[in-house]
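Trainee: Protein chains in written order, with my numbering: chain A, 1 to 284; chain B, 1001 to 1284; chain C, 2001 to 2284; chain D, 3001 to 3284.
Note that CB positions come from ideal geometry on N, CA and C, so glycine has one too.
As the structure is a prediction and not an experimental result, all values here were calculated from the model.
Have a look at this one before I ask anything.
Number of protein chains: 4
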Amino acid sequence: MDSVARLLITCPDRPGIVAAVTGFLYSHGVNITALDQHSTDPSDGTFFMRLEFQTPHMDVTRPALEAAFRTVVADRFHMDWRLTYSSDTKKVAVFVSREEHCLMELLWRWARGEIDCTITNVISNHPDLKEAVERFGAAYHYIPVSKDNKAEAEAAMLDVLGQDTDVVVLARYMQILSGDFVSCFDHRMINIHHSFLPAFAGADPYRQAMDKGVKLIGATAHYVTEELDGGPIIEQGTARVSHRHNVDDLKGLGRDLERQVLARAVKWHLEDRIIVFRNKTVVF
Amino acid sequence: MDSVARLLITCPDRPGIVAAVTGFLYSHGVNITALDQHSTDPSDGTFFMRLEFQTPHMDVTRPALEAAFRTVVADRFHMDWRLTYSSDTKKVAVFVSREEHCLMELLWRWARGEIDCTITNVISNHPDLKEAVERFGAAYHYIPVSKDNKAEAEAAMLDVLGQDTDVVVLARYMQILSGDFVSCFDHRMINIHHSFLPAFAGADPYRQAMDKGVKLIGATAHYVTEELDGGPIIEQGTARVSHRHNVDDLKGLGRDLERQVLARAVKWHLEDRIIVFRNKTVVF
Amino acid sequence: MDSVARLLITCPDRPGIVAAVTGFLYSHGVNITALDQHSTDPSDGTFFMRLEFQTPHMDVTRPALEAAFRTVVADRFHMDWRLTYSSDTKKVAVFVSREEHCLMELLWRWARGEIDCTITNVISNHPDLKEAVERFGAAYHYIPVSKDNKAEAEAAMLDVLGQDTDVVVLARYMQILSGDFVSCFDHRMINIHHSFLPAFAGADPYRQAMDKGVKLIGATAHYVTEELDGGPIIEQGTARVSHRHNVDDLKGLGRDLERQVLARAVKWHLEDRIIVFRNKTVVF
Amino acid sequence: MDSVARLLITCPDRPGIVAAVTGFLYSHGVNITALDQHSTDPSDGTFFMRLEFQTPHMDVTRPALEAAFRTVVADRFHMDWRLTYSSDTKKVAVFVSREEHCLMELLWRWARGEIDCTITNVISNHPDLKEAVERFGAAYHYIPVSKDNKAEAEAAMLDVLGQDTDVVVLARYMQILSGDFVSCFDHRMINIHHSFLPAFAGADPYRQAMDKGVKLIGATAHYVTEELDGGPIIEQGTARVSHRHNVDDLKGLGRDLERQVLARAVKWHLEDRIIVFRNKTVVF
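As structure tokens, then:
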């Protein structure tokens, strides 16, 4: 399992891409175990591809493979690409406020080996969850945020995240992060919004849903961009509700949705299944 | 089956309502076969109730029952109420433009006896579906609509609908009806909107959904009010989509959703299951 | 909240039941906040009813209310009935083997106040989960079971459960309990089976599902009876699978289903929403 | 659109297959527009692949392409393969008894261009649906079946189907066809069974579901084999039911499920998305 590599490609579509990529890999002794591709349009569209391959019989080193791929294939097709290895376990930081259900779901799945990562740090603007988090072996950082200290607080957060945080997950973190902060984790920061976006963006979506009288509530996991609740959507889910449910009932049903939707989105990100293109996602 | 009556009640909540209503009906030899109730709040909330009962052994005439109910129960509890009989088969008019799938679904279910109504008239701003509709035994009225003739067109429509249309269904009718016209069918005109409202109100919702990159599409059946796509929601449904679907695929998947969601909403309306309260619905 | 009472009734259907019950309660100053009823057939069928009411203004003691109800209403209609009070918090014992996901889900929801009970005891045939359980404040009892000691083991379990266990939940407990043991908890012992029953009863249902090539997997929560995996079904759920999933993937997707389905079933049982009748359930 | 070709491959998995196939197609001027692959196990497993490609710039004739593919690629990898062209519109025969909803759904989708086929013949053991079918332009054959005439009836059916029926769909056809008849349409005869198989195989599945008290009903589309209701499953769906539904309600809800599930299965078959392997299906 430690020898699985994943290659993600985005490039202008034209004939011959799949043949070139798979021919190159085969010629280097690589065994492709999964391959997905998509084109927005075979003529003049954009082409996306994800390959998983095993590297035990690879005839070159990783840097050599990457250099050769760049020269022989990637440059020729003007590819945007990245090659990752499952042995480079991703380091995840989770942000949380008071509602702990999404955080707990992630810690729990991590503890059970259901998501392939290390949850290194949990950052919160409340001290409440310290003990629950440390029990799982993650560090807990209580960083209060107010109108006045936002810049210092974000500096303290960046200090914690350091250079080696691969993914940031906002697991019901109720503070708005600055554009500068967000831009440090471009397509690497995932938020769970407690509505079926684009409906009910902003504050208190379950109250908004109640007032509107919808018959389904939703949850949306998306990458964070500077536009609040407007980044590329990764995954969504819905659940039936009726006139019998009050706002607290919606929140209860919503918690279950949020846990599931966020867990799927994080899992897919960790498995390098997601390509972002023009504020939308391709999820292989 | 022709002897089923349905009583719908809305009133301020307070103790004793159920006992008063059921006691009254029992004392008149009525056999209650279904009873649903809901309260927004037992203290100071609003109370809703739906009863179905059979009337073969009723000891009074319908008018007498209604008069007695008003005096003995309804006035005492300040009830908004209505009593309907399944033997008064509702007359339905369907409006349609070019997309026929929702219309056909309704005609078909009517022909099979799955919805309890008579589809008397179909009105369209296109002549195309005349033959398909007449085959089912409904009248087809081609009433073209343009910027210039809207008032005359609506007058012609009202002429067709006459005094005895109980329900109007907008089955993908792409013209906007005037507020005056809409107000003739308060809580009796049902529209199917091809999105998960309140997301993507207005024109071309599947294109909007595609551009936003949502992972679920939806359809919403609602009562029509003067606010475009803003009336009380009756029913909603969603279906999974992915990057693999283009706008035409979304429309295709959406057609199936629209048919199902509209058919459920119309069926519930025909069975007198819906109470509208403050721009929301209680669906028993 | 501590003053909510719930009345569950099963009796032969005939006119006047609702009027009699609600009239009786109203006459004693009770405020009904929820009422559900169902009849298998208005003539000669069986009638089911659930009422929730608040008792702050009740004019009699509980025993007096119950005695009066028996005399005035229940005997007259030949009712099977029970009256419970939400202030009598139910005591739950959970049985588990090695797979901890269902147990953890219940402990977690209990800790968050999402299910109204006290989880007093956890019994397992493995010692592994002791620490995880005790952290929540529940007692952990490691009772190994083998072919030879089954009778002693069950005696030890009954010893733990004592006289005051209201509900037993088999949360992926992989030992088969004897008919004698099961009969101590008639309609009070809930099992989660990892398939869409009646398909794939018995051992290793995910393997069976894989071999059959189904496109949906399921989970079923049911009351335990002497017939293995054959008791009254409380709740079921399904999830889509495809040729891409191996048995381990099915188990992973299934864990999420099992957690949700079992949690709903336990919540409904704790809220006295379930009536068992002829090996089926009415869930109000 | 008339120039889309589809290549389906099953073979023992080993490195180099994708490179060989895509390299071959590229060298002949073919533009691959969709590619899916799956392996049961990269070492010693079975490999499946589906390609869609456009042939306007193909440098050889179809027979020449096929001959070259056989020699250069297929034989080398011991492939089971087939190459189809969307311009060879498939001819479909539908079998039906009295329940017309599945038949009508297929006729309707065909008329709207939602499924790519020609429905040439409808065969029924009842005369009732003749007019409804002929209106769509398909031929209707009333072939009564009894215990005594089964062999003659099947001979008459084969006569109708002739040599040019590509697909047979059993759209709620309630007669059991002989093994000999079934074997004429190996992996080309699709049945809709009105339950979530393998639960409730055989007669009257909604009655069985009602008696068992399930909380979800289902429908299953599968290829027909000699084992009744036991062939490879193509697609399944479920819908929630409760104690409120009687057998007729289940049938009504089930009709909607059956229509949708069968329509998806037929569409996938017509688009050559399905590979059968060891009584299971791979659906790309």
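Please report the distance separating the alpha-carbon of residue 1207 of chain B from that of residue 2097 of chain C.
Mentor: Near 51 Å, if we compare the C-alpha coordinates of residue 2097 of chain C and residue 1207 of chain B.
Trainee: Mind checking who residue 223 of chain A pairs with in its DSSP beta bridge?
Mentor: Note: residue 223 of chain A sits in a beta bridge opposite A/190.
Trainee: Can you tell me which of the three DSSP states residue 3024 of chain D falls into?
Mentor: Correct three-state label for residue 3024 of chain D: helix.
Trainee: Just to confirm my understanding: we take residue 3174 of chain D, look at its own chain, exclude 5 residues before and 5 after, and list those with CB closer than 6 Å. What are they?
Mentor: Same-chain partners within the cutoff: 3097.
Trainee: Should residue 3271 of chain D be flagged as near chain B, meaning a C-beta pair shorter than 8 Å?
Mentor: No - not a single Cβ of chain B is within 8 Å of the one on residue 3271 of chain D.
Trainee: Return the chain-ordered list of same chain residues with a C-beta closer than 6 Å to the C-beta of residue 1181 of chain B, the five sequence neighbours on each side being excluded.
Mentor: The answer, listed in chain order, is 1154.
Trainee: Could you compute how far the alpha carbon of residue 3235 of chain D sits from the alpha carbon of residue 1168 of chain B?
Mentor: About 36 Å.
Trainee: I need the DSSP call for residue 2001 of chain C, collapsed to helix, strand or coil.
Mentor: Confidence at residue 2001 of chain C is low in this model, with a pLDDT of 44, below 50, so its placement is unreliable and the value that follows should be read with caution. Of the three classes helix, strand and coil, the one that applies to residue 2001 of chain C here is coil, per DSSP.
Trainee: Say whether the stretch 214 to 232 of chain A touches the stretch 185 to 193 of chain A, bearing in mind that this needs 3 or more beta-carbon pairs closer than 8 Å, one atom from each stretch.
Mentor: Yes, since at least three Cβ pairs between the stretch 214 to 232 of chain A and the stretch 185 to 193 of chain A fall closer than 8 Å, the two stretches touch.
Trainee: If we ignore side chains and look at the alpha-carbon of each, how far apart do residue 3170 of chain D and residue 3189 of chain D end up?
Mentor: Approximately 7 Å, taken between the alpha carbons.
Trainee: Measuring alpha carbon to alpha carbon, tell me which of D/3040, D/3051, D/3077, D/3011 ends up nearest residue 3022 of chain D.
Mentor: Answer by Cα proximity: D/3051.
Trainee: Label residue 1260 of chain B either buried or exposed according to how many other C-beta atoms from any shown protein chain fall within 10 Å of its C-beta, with 16 as the threshold for buried.
Mentor: With 16 or more other Cβ atoms within 10 Å, it is buried.
Trainee: In the stretch 1018 to 1037 of chain B, which residues sit with their C-beta less than 9 Å from some C-beta in chain C, listed in chain order?
Mentor: Within the stretch 1018 to 1037 of chain B, the qualifying residues are 1018, 1019, 1020, 1021, 1022, 1023, 1024, 1025, 1026, 1027, 1029, 1030, 1031, 1032, 1033, 1034, 1035, 1036, 1037.
Trainee: Residue 269 of chain A to residue 1011 of chain B, Cα distance in whole Å?
Mentor: One C-alpha to the other measures close to 52 Å.
Trainee: Using three-state DSSP, classify residue 139 of chain A as helix, strand or coil.
Mentor: Reduced to three states, the DSSP call for residue 139 of chain A is strand.
Trainee: Excluding the five sequence neighbours on either side, which residues of its own chain have a C-beta within less than 6 Å of the C-beta of residue 3105 of chain D, listed in chain order?
Mentor: 3259, 3263.
Trainee: I'd like to know whether the C-beta atoms of residue 2139 of chain C and residue 2125 of chain C end up nearer to each other than 8 Å.
Mentor: Cβ distance not < 8 Å, so residue 2139 of chain C and residue 2125 of chain C don't count as in contact.
Trainee: What residues of chain C sit near residue 1039 of chain B, judged by a beta carbon separation below 7 Å?
Mentor: Correct list: 2033.
Trainee: Taking a Cβ distance cut-off of 9 Å, strictly less, list which residues of the stretch 3196 to 3207 of chain D are near chain C, in chain order.
Mentor: The residues in question are 3196, 3197, 3198, 3199, 3200.
Trainee: Can you tell me which of the three DSSP states residue 3277 of chain D falls into?
Mentor: Three-state DSSP puts residue 3277 of chain D in a strand.
Trainee: Taking the beta strand (DSSP E) that residue 2111 of chain C belongs to, which residues open and close that run?
Mentor: Counting along the chain, residue 2111 of chain C falls outside any beta strand (DSSP E), though it belongs to the alpha helix (DSSP H) covering 2101 to 2111.
Trainee: Since I believe residue 1229 of chain B is in contact with residue 1254 of chain B (beta carbons under 8 Å), could you give me their beta-carbon distance rounded to a whole number of angstroms?
Mentor: Between residue 1229 of chain B and residue 1254 of chain B the Cβ distance is about 15 Å, and since that is not below 8 Å, they are no contact.
Trainee: According to a CB-to-CB cut-off of less than 7 Å, which residues of the stretch 1248 to 1269 of chain B neighbour chain E?
Mentor: Annotation note: the requested chain E is absent from the structure, which comprises protein chains A, B, C and D.
Trainee: Does the beta carbon of residue 1 of chain A come closer than 8 Å to any beta carbon on chain D?
Mentor: Annotation note: pLDDT 44 at residue 1 of chain A (below 50); position unreliable, no value reported.
Trainee: Within its chain, find whatever has a CB closer than 7 Å to the CB of residue 3148 of chain D; leave out the 5 residues flanking it on each side and keep chain order.
Mentor: Nothing meets the Cβ criterion.
Trainee: Could you name the residues of chain C that residue 114 of chain A contacts, counting a contact when the two beta carbons are closer than 7 Å?
Mentor: In chain order: 2252.
Trainee: By the criterion of Cβ-Cβ separation under 9 Å, what are the contact partners of residue 3054 of chain D in chain A?
Mentor: The answer, in chain order, is 42.
Trainee: Counting only C-beta atoms, is residue 108 of chain A closer than 8 Å to chain C at any point?
Mentor: Yes, because at least one Cβ of chain C sits closer than 8 Å to the Cβ of residue 108 of chain A.
Trainee: Can you list, in chain order, the stretches of the alpha helix (DSSP H) that have 4 or more residues and sit fully within the stretch 1021 to 1080 of chain B?
Mentor: Complete alpha helix (DSSP H) runs here, min 4: 1062 to 1069.
Trainee: Do you know how far the Cα of residue 216 of chain A is from the Cα of residue 241 of chain A?
Mentor: Going from the Cα of residue 241 of chain A to the Cα of residue 216 of chain A covers about 5 Å.
Trainee: Is residue 3176 of chain D helix, strand or coil by DSSP?
Mentor: DSSP places residue 3176 of chain D in coil when its eight states are reduced to three.
Trainee: Confirm, please, whether the CB-CB distance from residue 3243 of chain D to residue 2283 of chain C is below 8 Å.
Mentor: For residue 2283 of chain C and residue 3243 of chain D, yes; Cβs fall inside 8 Å.
Trainee: So, with DSSP's three-state summary, where would you put residue 2208 of chain C?
Mentor: Reduced to three states, the DSSP call for residue 2208 of chain C is helix.
Trainee: Residue 3110 of chain D: which of D/3164, D/3137, D/3152 sits nearest, CA to CA?
Mentor: The shortest C-alpha separation from residue 3110 of chain D is found at D/3137.
Trainee: Note down the Cα distance separating residue 79 of chain A from residue 273 of chain A, rounded to an integer number of angstroms.
Mentor: Taking the straight line joining both Cα atoms gives about 17 Å.
Trainee: Starting from the beta carbon of residue 2016 of chain C, find every residue of chain B whose beta carbon is closer than 7 Å, and list them in chain order.
Mentor: Going along chain B in sequence order, the residues near residue 2016 of chain C (Cβ under 7 Å) are 1026.
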